[in-house]
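In this note's numbering, the protein residues as written are 412 to 845.
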């Protein structure tokens, strides 16, 4: 009996998000995260080990007996205050309006934070960009109070989107909110400086809420304008400006397994998303919220950011050069994140499509992510047969450098051989027999 026939009629088929699908297919091919034979260039998390010059990694967490209880839905007060203080120190020095604990809600990971925000939105038109983060697709479909409106970004323009264009979209489509990752996953495009200020000004003047996923805001490379990018630096009044920021320990502090994230915004918004959390997820881990306090001092944050930027900038430069050598065309070199998003259309068949490239790379024990998963299409309302990103692939330089280099070596060999899997050597055959 087919799997779909075993599912009770009461349940709908729930698609797997892009990276989850990719990892499931890799598992079918024998992927083992502990095996040195595999290179995961599809991973959405950074390497988690100690970095040269960075602060020590936290490798154990003590549990206070008081933290065996449930955490408050909005998070423990101390962590909420620490997040507010960090943003004030990094982005709001000398500003009269400053964040307080009441402007912060803690959630159990990035998806939980996004889900709370989505659940709290009213009956509005919500703009979202193409391409963008794969998990947005199901999130935008499952909550029916709002209508999701796609905004197309042009690869030929380097995926840039000006404040003037944002104003036009808000007015022309009657948008009540806009959801975007900044820096953008997968393109690496960064909205910063006067451009970001223009976005925030447009949101304020047109009363359109900006929901900004800033999980990669410390992964900013040369020319993007600041060591750390955040809309928090552009806000006039933290309780009036319609800007909601999402971030957490996952990427910028490199603790993805802790599942500690936060929502930063006007107090009324924080009350709403906290109420949503009461029925969606019940709150995050209290012991890990307590442990996170030491990571969120300005001193620790700056030291970690300096170290990750040194290490990841070098990996970024290497990957950009190697992909160009392999024949992958980048629409724009990444200004932020730890991804390269490029077209394989100029590679020999059968490698000229993102999905076929992905399948062929799996045979070489290299994981990538086909670009079609970033063509966010909630409810599959757009019926076009072909995605604009059918020939694109996302490559991650999140893994350690040696893992990344090994994967790029195998991809280069794959392209050189035209996608054909070379026959195993006699030594390899004998080893299998043995």
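Quick reminder that beta carbons are idealized off the backbone N, C-alpha and C, glycines included.
Hey, could you find the ends of the beta strand (DSSP E) residue i is sitting in?
{"i": "residue 558", "result": "558-563"}
{"i": "residue 535", "result": "Per DSSP, residue 535 belongs to no beta strand (DSSP E) and is neither H nor E."}
{"i": "residue 656", "result": "654-659"}
{"i": "residue 688", "result": "Element bounds for residue 688: not the beta strand (DSSP E) but the alpha helix (DSSP H), 678-691."}
{"i": "residue 518", "result": "515-518"}
{"i": "residue 805", "result": "803-807"}
{"i": "residue 624", "result": "620-624"}
What are the boundary residues of the alpha helix (DSSP H) that includes residue i?
{"i": "residue 750", "result": "From DSSP, residue 750 is part of no alpha helix (DSSP H) but of the beta strand (DSSP E) over 750-754."}
{"i": "residue 769", "result": "765-774"}
{"i": "residue 643", "result": "Here residue 643 belongs to no alpha helix (DSSP H), and DSSP marks it neither H nor E."}
{"i": "residue 454", "result": "Element bounds for residue 454: n/a, residue is neither H nor E."}
{"i": "residue 664", "result": "First-last for residue 664: undefined, no H or E at that position."}
{"i": "residue 820", "result": "812-827"}
{"i": "residue 547", "result": "547-553"}
{"i": "residue 605", "result": "604-617"}
{"i": "residue 439", "result": "429-439"}
In this structure, does DSSP put residue i in helix, strand or coil?
{"i": "residue 491", "result": "helix"}
{"i": "residue 782", "result": "helix"}
{"i": "residue 669", "result": "helix"}
{"i": "residue 596", "result": "coil"}
{"i": "residue 471", "result": "coil"}
{"i": "residue 695", "result": "coil"}
{"i": "residue 723", "result": "helix"}
{"i": "residue 800", "result": "coil"}
{"i": "residue 740", "result": "strand"}
{"i": "residue 777", "result": "strand"}
{"i": "residue 572", "result": "coil"}
{"i": "residue 539", "result": "strand"}
{"i": "residue 521", "result": "helix"}
{"i": "residue 649", "result": "coil"}
{"i": "residue 581", "result": "helix"}
{"i": "residue 747", "result": "strand"}
{"i": "residue 762", "result": "coil"}
{"i": "residue 860", "result": "Because residue 860 is not part of the residues shown, which for the chain are 412 to 845, the question remains open."}
{"i": "residue 587", "result": "strand"}
{"i": "residue 601", "result": "coil"}
{"i": "residue 636", "result": "Per-residue confidence for residue 636 stands at a pLDDT of 49, beneath the threshold of 50, marking its modelled position as unreliable; the derived number appears in the next sentence. Residue 636 falls in the coil class under three-state DSSP."}
{"i": "residue 462", "result": "coil"}
Around the C-beta of residue i, are 16 or more other C-beta atoms found within 10 angstroms, so that it is buried, or is it exposed?
{"i": "residue 705", "result": "exposed"}
{"i": "residue 786", "result": "buried"}
{"i": "residue 444", "result": "exposed"}
{"i": "residue 662", "result": "buried"}
{"i": "residue 481", "result": "exposed"}
{"i": "residue 659", "result": "buried"}
{"i": "residue 568", "result": "exposed"}
{"i": "residue 512", "result": "buried"}
{"i": "residue 626", "result": "buried"}
{"i": "residue 605", "result": "exposed"}
{"i": "residue 803", "result": "buried"}
{"i": "residue 776", "result": "buried"}
{"i": "residue 744", "result": "buried"}
{"i": "residue 645", "result": "buried"}
{"i": "residue 726", "result": "buried"}
On a Cα-Cα basis, can you pick out the residue from the options that is closest to residue i?
{"i": "residue 585", "options": "599, 568, 620 and 563", "result": "620"}
{"i": "residue 717", "options": "617, 490 and 632", "result": "632"}
{"i": "residue 698", "options": "454, 669, 522 and 766", "result": "669"}
{"i": "residue 455", "options": "760, 591, 827 and 666", "result": "666"}
{"i": "residue 595", "options": "624, 691, 802 and 425", "result": "624"}
{"i": "residue 540", "options": "468, 570, 763 and 497", "result": "570"}
{"i": "residue 739", "options": "726, 721, 723 and 768", "result": "768"}
{"i": "residue 884", "options": "592, 640 and 502", "result": "As displayed, the chain neither begins before 412 nor continues past 845, which places residue 884 out of reach and without an answer."}
{"i": "residue 618", "options": "485, 630, 491 and 582", "result": "582"}
{"i": "residue 722", "options": "630, 690 and 494", "result": "630"}
{"i": "residue 536", "options": "546, 557 and 530", "result": "557"}
{"i": "residue 720", "options": "462, 588 and 757", "result": "462"}
{"i": "residue 484", "options": "647, 736, 772 and 527", "result": "527"}
{"i": "residue 702", "options": "440, 469, 641 and 439", "result": "469"}
{"i": "residue 493", "options": "510, 603 and 479", "result": "510"}
{"i": "residue 522", "options": "700, 731 and 695", "result": "695"}
{"i": "residue 466", "options": "520, 664, 615 and 491", "result": "664"}
Does the beta carbon of residue i come closer than 7 Å to any beta carbon on chain D?
{"i": "residue 556", "result": "In summary, chain D is missing from the structure at hand, where a single protein chain is found."}
*Please determine if the stretch 598-618 and the stretch 742-756 are in contact, where contact requires at least 3 C-beta pairs separated by less than 8 Å.*
Yes, the stretch 598-618 touches the stretch 742-756.
_the stretch 804-816 touching the stretch 775-783, judged by at least three CB pairs closer than 8 Å_ = Between the stretch 804-816 and the stretch 775-783, the count of Cβ pairs shorter than 8 Å is three or higher; the stretches touch.
_Would you call the stretch 814-829 in contact with the stretch 570-577, where contact means no fewer than 3 C-beta pairs closer than 8 Å?_
Touching, no.
*asked:* I'd like to know if the stretch 538-551 and the stretch 708-717 are in contact, where contact means that at least 3 CB-CB pairs between them fall below 8 Å.
replied: Judged by Cβ distances under 8 Å, the stretch 538-551 makes no contact with the stretch 708-717, as fewer than three pairs qualify.
*Determine contact between the stretch 558-567 and the stretch 499-510, defined as no fewer than three beta-carbon pairs at a distance below 8 Å.*
Put simply, the stretch 558-567 does not touch the stretch 499-510. Fewer than three CB pairs are less than 8 Å apart.
_the stretch 679-686 contacting the stretch 471-480, beta-carbon criterion three pairs below 8 Å_ = Fewer than three Cβ pairs drawn from the stretch 679-686 and the stretch 471-480 lie within less than 8 Å of each other, which leaves the two stretches out of contact.
*Could you tell me whether the stretch 426-435 touches the stretch 688-697, where touching means 3 or more Cβ pairs closer than 8 Å?*
Two segments are said to touch when three or more pairs of C-beta atoms, one from each, lie closer than 8 Å; by this definition the stretch 426-435 does not touch the stretch 688-697.
*Any contact of the stretch 753-762 with the stretch 727-742, i.e. 3+ C-beta pairs under 8 Å?*
Here the stretch 753-762 lies against the stretch 727-742, with 3 or more beta-carbon pairs under 8 Å apart.
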